[in-house]
Amino acid sequence: KTKVQLSPLNINGFLNDVIRISAPVINEEALYYLHRPNGDVIKLDIKSPKLRDMKLERDVNPILVRYVNNVKATITQNDNYDVFAVYSNLPPNFVFDRKASEMEPNEFMIGPLCSEDHGNWVLKYVPIIPAKPVLNIGDTLNLSIAFPIPSLQTCELVVPRSTFDRFYDRNKIEFSTCGFSVPNLTRYDAGTWTIIAVGNIVYEGEARLEINKENI
């Protein structure tokens with residue numbers, strides 16, 4: 021018996037999303053195990069797909085063949101995962117049931133995602149307020165995440181590259197939303213400001229600061 025660790029996938033998702041993943045095909049005798057971040061191990065019911073079972077209405081991207089340690093071949097589709105939201109204008113069961121009916125024998129689903137599912141994974145595009153502030157030189161920039169962070173542990177403010185050794189302080193009023201205050205703005209402060217918050221998961225959001233050109 022040989023244990024093969026498959027290549028990791030970097031998947032961006034949001035809370036309550038569902039992820040469909042196509043497992044690479046190794047051979048008919050292969051057993052598949054999914055290791056959760058909390059240490060649990062789940063045995064997956066994975067089988068090799070057959071061409072006669074493929075759904076004609078579904079687009080299939082090119083097949084890729086990769087080699088593990090330059091010896092063992094794995095076969096997978098180019099579109100080897102899909103992320104979809106079950107909470108939309110349509111009934112949740114309608115979306116999930118349709119996606120489930122389209123699954124191939126080598127596919128499985130994870131979700132709806134919650135903060136405990138994958139440990140510290142990044143939620144990109146978390147809203148920052150204000151998102152696109154336009155301020156004058158000498159003004160104070162106040163930034164925070166748009167909602168309180170559960171089990172907040174740490175907050176980090178990443179300044180634009182043009183700003184060197186910039187002074188800023190935590191906003192005590194907006195403490196649970198990772199609020200920051202940046203006083204005495206200069207023209208060098210224009211650019212992208214990023215807030216990274218660590219709670220049960222990692223949150224990341226960006227704001228684009230513009231300095232009023234009339235005051236430069």
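Each residue of the sequence shown is one higher than the one before, starting from 21 at the first, in the working numbering. Glycine included, each C-beta is placed from N, C-alpha and C at the ideal position. Every value quoted in this text rests on a predicted model; they were computed, and no experiment measured them.
Assuming the contact rule is C-beta atoms closer than 8 angstroms, residue i and residue j should be a hit. Round their C-beta distance to whole Å, please.
{"i": "V202", "j": "T160", "result": "7 angstroms"}
{"i": "I215", "j": "L177", "result": "6 angstroms"}
{"i": "F200", "j": "R190", "result": "6 angstroms"}
{"i": "V146", "j": "Y223", "result": "5 angstroms"}
In this structure, what does DSSP give as the bridge partners for residue i?
{"i": "L155", "result": "I231"}
{"i": "L172", "result": "DSSP lists no partner for L172."}
{"i": "I128", "result": "Position check: residue 128 holds Phe in this sequence, whereas Ile was assumed. DSSP, once it has assigned bridges, lists I41 as partnering F128."}
{"i": "D189", "result": "S201"}
{"i": "K63", "result": "Y53"}
{"i": "I31", "result": "None; I31 has no bridge partner."}
{"i": "S164", "result": "I149"}
{"i": "V179", "result": "In DSSP, V179 forms no bridge with anything."}
Which residues in the same chain have their Cβ closer than 6 angstroms to the Cβ of residue i, if we skip the five residues on either side of it in sequence?
{"i": "I66", "result": "A43, Y52 and N126"}
{"i": "D117", "result": "none"}
{"i": "C175", "result": "C198 and A217"}
{"i": "K63", "result": "Y53"}
{"i": "K152", "result": "R228"}
Report all residues from its chain with a CB closer than 7 angstroms to the CB of residue i; omit the five preceding and five following residues, and keep chain order.
{"i": "K233", "result": "none"}
{"i": "F167", "result": "T197"}
{"i": "E194", "result": "S164"}
{"i": "T212", "result": "P180, E226 and R228"}
{"i": "N204", "result": "G158"}
{"i": "T206", "result": "I157"}
{"i": "Q173", "result": "V218 and G219"}
{"i": "V154", "result": "E230 and N232"}
{"i": "Y188", "result": "L177, F200, S201 and V202"}
{"i": "S121", "result": "none"}
Near residue i, which residues of its chain fall below 8 angstroms by C-beta distance, leaving aside the five closest residues on each side in sequence?
{"i": "A210", "result": "P180, S182, L229, E230 and I231"}
Practice problem: Within the segment 195–236, note down every full beta strand (DSSP E) run reaching 3 residues or more, in order along the chain. | Solution: 200–202, 211–218 and 222–231
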